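Report on the structure given below.
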Amino acid sequence: MLVDYLERGVLAGVIAGLAYGLYMALVANPLLGYMETVAEGGEHGDHASAGEHAHAAGEHAHEAGEHAHAVSEATTAAVSIGGGVLWGILLGGVFALAFYFLEPALPGRGRVKTYVLAGAGFLAVSLAPWLVLPPTTPGAEQAFDPTFRSALYAGMMAVGAVVAAGSIYGYRRVSARSRPIGVVTAAVPIVALVAITAVAAPTIVEIGAMPAELVAAFRGITVLSQAALWALVAGCFGWLQTRAGVRPAAERRDDLLTSP
405 MLVDYLERGV LAGVIAGLAY GLYMALVANP LLGYMETVAE GGEHGDHASA GEHAHAAGEH
465 AHEAGEHAHA VSEATTAAVS IGGGVLWGIL LGGVFALAFY FLEPALPGRG RVKTYVLAGA
525 GFLAVSLAPW LVLPPTTPGA EQAFDPTFRS ALYAGMMAVG AVVAAGSIYG YRRVSARSRP
585 IGVVTAAVPI VALVAITAVA APTIVEIGAM PAELVAAFRG ITVLSQAALW ALVAGCFGWL
645 QTRAGVRPAA ERRDDLLTSP
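At position 185 of the sequence shown the residue is numbered 589 (the numbering used here), and the sequence of numbers has no breaks.
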């Protein structure tokens, strides 16, 4: 049974990872390239008068390097797609393991459970840490050393997991009496996390000379892409479960209790 879950999780991860890799190659990489150009333009603007002759002398070298740049872009795209597939496989496998053990505790029925788990995973792995350590843009300056930032990220993942568990627990306790109140109860820990980090979290990433609107757009796209990845893994996994004829854990448990 566990092996079957893992197989479906890996397959779901391959599908979702391929889509994510294509997004990286077609959207994220060009956007990052543009942002790097903007960041470099801001730096060159401060020294424009001193660098005009050097720029003119380097035009021929720039033209000679265009072919190499095109090859580099193709390589980057291939690496992005391959990396997306590998990330999807890892995510799908972990998702399948978590679903196998946590399915009875998840609210909802059928595929709803997979989306609940995906939401909890996104909150713990991405959203909670990004409230303190948002996605970094080219030219950004970061406070503290990498070791501290890594520890802080891991700590926020743990906080996110606790908040997700609290939301699910609160919903299960209250939804039997009133589903709308259950939804509100589930939202309270998440809203509290966002509010507390907005007030108390230190500024760790400085955007530098990058336009604030561009940074906000980049971060928004990054958040949405990760949310879409989790949702796609959940959707594909749920579809594969249904296609394989897997019944919910509650039904399997009832069969065991009623069997002679």
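Where is the CB? At the ideal position from N, CA and C, for every residue including glycine. As the structure is a computational prediction, the values presented were derived from the model and not from experiment.
Three-state secondary structure assigned by DSSP to residue i
i, result
"Gly455", "Bear in mind that the predicted position of Gly455 carries a pLDDT of just 45, short of 50, making it unreliable; the figure below should be weighed with that in mind. Here Gly455 sits in helix by DSSP."
"Gly462", "Because the pLDDT at Gly462 is just 47, under 50, the model does not fix this residue reliably, and the value given afterwards should be weighed accordingly. It is coil, neither helix nor strand."
"Val650", "coil"
"Leu415", "helix"
"Leu406", "helix"
Closest residue to residue i among the options (Cα-Cα distance)
i, options, result
"Gln630", "Leu506, Val567 and Pro539", "Pro539"
"Ala547", "Pro606, Pro593, Asp408 and Gly512", "Pro606"
"Pro434", "Arg412, Val650 and Ala478", "Ala478"
"Gly593", "Ala524, Ala482 and Glu444", "With the sequence shown as reference, residue 593 is identified as Pro, and Gly is not the correct amino acid for it. Comparing Cα-Cα distances from Pro593 to each of Ala524, Ala482 and Glu444, the minimum goes to Ala524."
"Gly624", "Pro508, Trp491 and Ser530", "Ser530"
"Leu406", "Ala482, Ala502, Gly445 and Glu617", "Ala502"
"Pro615", "Glu444, Thr589 and Ala429", "Glu444"
"Leu618", "Gln645, Pro542 and Ala648", "Pro542"
"Asp408", "Trp534, Ala500 and Arg577", "Ala500"
"Gly559", "Ala544, Ala580, Val536 and Glu545", "Val536"
"Val483", "Leu430, Val650, Arg576 and Ala509", "Leu430"
"Ile485", "Gly649, Val587 and Gly421", "Gly421"
"Ala509", "Leu556, Arg577 and Ser582", "Arg577"
"Val669", "Tyr438, Ala522 and Val587", "In the structure displayed, the chain extends from 405 to 664; residue 669 sits before or after that span and is not available."
"Ala621", "Arg412, Gly413, Leu410 and Met439", "Met439"
"Thr480", "Gly496, Arg412, Thr626 and Ala432", "Ala432"
"Leu436", "Ser579, Ala562, Ala544 and Ala555", "Ala544"
"Ala562", "Thr626, Thr551, Val587 and Ala528", "Ala528"
"Gly586", "Gly512, Thr551, Gly496 and Leu506", "Gly512"
"Val650", "Gly496, Val442, Gly487 and Tyr504", "Tyr504"
"Val442", "Ala613, Tyr557, Ser582 and Val588", "Ala613"
"Thr646", "Leu506, Gly514 and Tyr557", "Gly514"
"Ala602", "Phe526, Trp534 and Ser476", "Trp534"
"Phe526", "Leu410, Ser579, Arg583 and Ala565", "Ala565"
"Leu410", "Glu507, Gly496 and Gly488", "Gly496"
Presumed contact (8 Å Cβ cut-off) between residue i and residue j, rounded CB distance
i, j, result
"Ile608", "Arg553", "7 Å"
"Val567", "Ala532", "7 Å"
"Arg412", "Ala590", "With 8 Å as the limit, Arg412 and Ala590 do not qualify as a contact, their Cβ atoms being about 27 Å apart."
Contact test: residue i Cβ vs the ligand MG heavy atom, cutoff 7 Å
i, result
"Val414", "For the ligand MG, the structure offers nothing, since it holds no ligand at all."
Every unbroken alpha helix (DSSP H) within the segment 577-626, with a cutoff of 4 residues, ordered by chain: 583-604
Between the segment 632-649 and the segment 566-575, do at least 3 Cβ pairs fall closer than 8 Å? no
Taking one C-beta from the segment 413-425 and one from the segment 586-600 each time, how about it: are there three or more such pairs within less than 8 Å? no
With contact counted as at least three CB pairs below 8 Å, one residue from each stretch, are the segment 423-432 and the segment 481-499 in contact? yes
Does the segment 508-518 come close enough to the segment 640-649 that 3 or more CB-CB pairs lie under 8 Å? yes
In chain order, what are the residue ranges of uninterrupted alpha helix (DSSP H) at least 4 long that sit wholly in the segment 510-562? 515-526
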